Amino acid sequence: MKMIKSLVLGSAAALLAVGGAQAADLPVKAKAVEYVRICSLYGAGFFFIPGTDTCIKLGGYLRVDTTFNGGVYDAPFWSGDGGYEPGTGNRFTDRINSRARMALQIDTRTASEYGIVRTFAQADFQFSTYGGTVANASLNGAALAGTLNNDTPGNGYTAVELAFVQFAGFTFGKSASAYALPWNGYGGNNNTSFLIGGPDYVTGVYNVQYTQQFGNGVSATIGLDEGLVFNRTQLGNLDVFTLPAIYPTNGVQTPATLFQGGYGLGAAAGSVVSRTTGAPANGYGGQFAPDIAANVRVDQAWGIFQLSGIAHYINASYNFLDSATDAGAQGFSSPYGAGAYIVCPANGIINTVPGQPCSSLTSGHPDGKWGGAVTAGLQLKNLPTGAGDLLNVDSTFAKGDTKAVISTSGASPTFAMFRGTSSLNPKVGYGYVSDGLFSNGNGLNGPGVATNGIQLTNAYGFRGGFIHNWDPYWQSSVFGSTSFVRYNNIAKNAYCNSVSGNPLFGWGNRGANPTSTCNPDFNIYQLGFRTGWTPVKNLTFSGEVFWSYLHQNWTGTTRSLFGVNPPFLATTYTFADQQTVSFNLRVQRNF
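Just so you know, we're using the numbering used here here: the sequence shown kicks off at 49 and counts up by one.
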């Protein structure tokens with residue numbers, strides 16, 4: 049009996065143990081997986097970042113672009129500065145230039161009691177033909193060595209195009225200026241980034257701005273822009289030299305004995321104005337005040353109307369841009385020795401004390417001035433020509449803010465175009481772009497023409513573009529612009545005196561009896577046509593023809609001293625209008 053009881057109790061204990069083990073081995077309910085959720089609040093493509101209430105969208109494009117007889121992104125061959133740019137029109141020019149770019153965009157949105165908090169950034173990863181628009185075969189060796197910039201074979205280039213935060217109506221960072229139009233420089237959905245005639249902020253400018261929405265599509269924006277790099281062109285200094293003139297100890301100056309360093313923009317020895325571009329040295333100083341930009345916009349079903357303005361401060365540096373005690377102190381070998389006298393070009397004083405400096409800091413400067421620009425833009429939708437067709441037009445006037453008219457997504461060009469440089473009858477045309485000019489009237493070449501401070505440059509332009517959709521797959525557009533740059537009589541007299549009064553410059557008094565009439569005013573006319581085919585959504589193949597014409601107002605001839613790399617014929621050049629035509633092919637996939 050005792051044995052039977054023990055067996056029963058032992059069996060029960062064993063069963064309990066097994067049951068406990070089985071209970072312990074039962075699977076625990078897994079934690080629910082949080083899948084990515086679609087965020088439909090802000091449009092297609094947004095999704096919630098897991099574990100947050102922030103929506104994010106990843107997008108961008110990949111673009112492959114080739115231009116024939118032009119620079120990348122259909123840049124006209126209109127700059128011949130320094131003898132390196134393709135505007136020189138000789139056989140050293142690369143006629144085919146390409147760029148491959150991937151743009152990556154990150155857009156985040158978060159709802160808050162103050163409204164939507166948004167961040168946006170775009171980074172461009174690209175690779176271009178030998179550094180982009182510097183399209184000259186004579187530079188290929190340097191490009192292969194990576195000495196021009198990072199956008200070269202084997203390297204590529206990355207740029208931050210846009211990066212900003214929006215909160216409670218404010219925008220902080222690198223974004224389109226409050227002065228910008230919604231279509232910037234692309235009113236014809238054009239491939240070219242060089243349709244001038246009005247403002248173009250497609251790559252953004254550092255700014256802080258506030259937008260007030262009034263309802264029914266009416267808004268107003270005011271902001272402060274960085275006026276340092278993007279919002280300025282050049283400020284012509286007609287007195288400066290990078291190295292004081294060296295006199296022999298008898299103090300007699302002649303063209304044969306003059307020893308003078310060039311400015312570095314291709315300037316001749318002893319010259320104020322560059323032989324190759326017609327551009328004086330840049331006399332801009334540092335940033336003194338931000339640009340003040342504002343707009344009023346009406347955006348409704350019929351289209352858009354915007355009136356915008358910007359104020360830009362022109363801050364000069366000094367009358368004389370260098371400091372030296374003598375030629376030896378600057379690393380140059382003076383033919384007259386270290387005891388030679390020095391002339392300070394800013395005031396024409398002959399310094400007879402060797403070792404005493406001519407300093408830019410003591411040479412004086414003109415007072416700064418405010419300039420600015422106004423732009424009116426109109427976009428018409430719902431046109432009778434077809435669904436989705438658009439007409440964009442805008443007009444701009446600027447005084448002391450020429451970047452508002454001669455505007456691209458990069459630096460404003462100074463036009464220097466050559467034709468027939470390998471012939472016996474070559475032609476040259478100039479268009480000097482500036483925000484203003486100044487001279488104190490004491491140039492090295494003798495008494496100059498004082499401007500009594502900065503003389504602001506006037507510029508005005510008109511742009512237009514019409515976009516027509518033939519069907520859901522084919523689209524064509526026509527676009528064009530006219531741009532005008534004008535100098536007042538004081539600025540013209542000072543500029544032309546700096547050119548014609550210089551015995552080493554070669555305009556008006558050098559060579560085989562060259563004669564010329566100086567007038568820096570000029571016009572630019574542009575016309576383009578583009579057709580695109582979109583066989584599937586967000587994939588477009590397009591082609592574009594783009595014509596640019598420089599109407600310049602110099603007349604007569606000049607003797608060339610332009611440069612030797614690449615070479616120019618040492619012959620008489622005739623001033624004449626110039627033109628260039630380019631053809632662009634592009635494949636773009638948006639995502």
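All C-beta atoms in this analysis are idealised placements derived from N, C-alpha and C, irrespective of residue type, glycine included.
Small disclaimer: the values here were computed from a predicted structure and weren't measured.
Of the residues assessed, G420 falls on the buried side of the cut-off, its CB having 16 or more other CB atoms within 10 angstroms.
Bounds of the beta strand (DSSP E) holding N632 are Q626 to N638. Bounds of the beta strand (DSSP E) holding D172 are G163 to S176. Partner residues in the beta bridge of H599, as assigned by DSSP, are N571. Counting C-beta pairs with one atom in each stretch, the segment 152-168 and the segment 99-118 have three or more that are closer than 8 Å, which means they touch. Boundaries of the beta strand (DSSP E) around K222: F218 to S223.
For R111, the pairing in a beta bridge is given by DSSP as R149 and Q636. Among the bridge pairs identified by DSSP, K447 is matched with G420 and N506. Here H360 really is in contact with G275; their C-beta atoms are around 6 Å apart, less than 8 Å. Closest by C-alpha distance to V497, out of F570, N545 and N430, is N545.
Counting the other CB atoms within 10 Å of its CB gives F589 a total below 16, which places it among the exposed residues. Going by beta carbons, A424 and L485 fall outside the 7 Å limit. In the DSSP assignment, A123 falls outside any beta strand (DSSP E), carrying neither H nor E.
Contact between G416 and I358 fails: their C-beta atoms lie close to 16 Å from each other, not under 8 Å. In the three-state reduction of the DSSP assignment, A542 falls in the helix class, which pools H, G and I. Counting C-beta pairs with one atom in each stretch, the segment 162-180 and the segment 499-515 have fewer than three that are closer than 8 Å, which means they do not touch. In this chain, the beta strand (DSSP E) harbouring F532 covers W522 to R534. Collapsing the DSSP output to three states places V256 in a strand.
Excluding its 5 nearest sequence neighbours in each direction, F594 has C-beta neighbours in its own chain below 6 Å: D122, T240, G576 and S630, listed in chain order.
A straight-line Cα-Cα distance of about 29 Å links F463 and F173. Taking a C-beta distance under 7 Å as the contact criterion, G509 and S525 do not qualify as a contact pair.
Secondary structure of A452 (DSSP, three-state): helix.
Taken through DSSP and simplified to helix, strand or coil, N343 comes out as strand. Taking a contact as a CB-CB distance under 8 Å, the pair A446 and V453 counts as one, their CB atoms being some 5 Å apart.
Going by DSSP, G479 is part of the beta strand (DSSP E) stretching over K475 to G479. Boundaries for T619: no beta strand (DSSP E) harbours it, and the DSSP string shows neither H nor E there. DSSP places V497 in the coil class of the three-state scheme, outside both helix and strand.
Distance between W581 and N285, taken at the CA atoms: about 49 Å. Residues Y521 of the same chain have their beta carbon placed closer than 7 Å to that of P583, with the five preceding and five following residues left out of the count.
Between G217 and the set F175, N145 and I270, the nearest pair of CA atoms involves I270. In the DSSP assignment, N285 falls within the beta strand (DSSP E) that extends over L283 to N285.
The C-alpha of V481 is placed about 17 Å away from the C-alpha of G333. In the three-state reduction of the DSSP assignment, N430 falls in the coil class. Straight-line measurement puts the Cα of G118 at about 15 Å from the Cα of N238. Annotation for Q214: the continuous beta strand (DSSP E) segment containing it runs Y205 to F215.
For N237, the three-state secondary structure derived from DSSP is coil.
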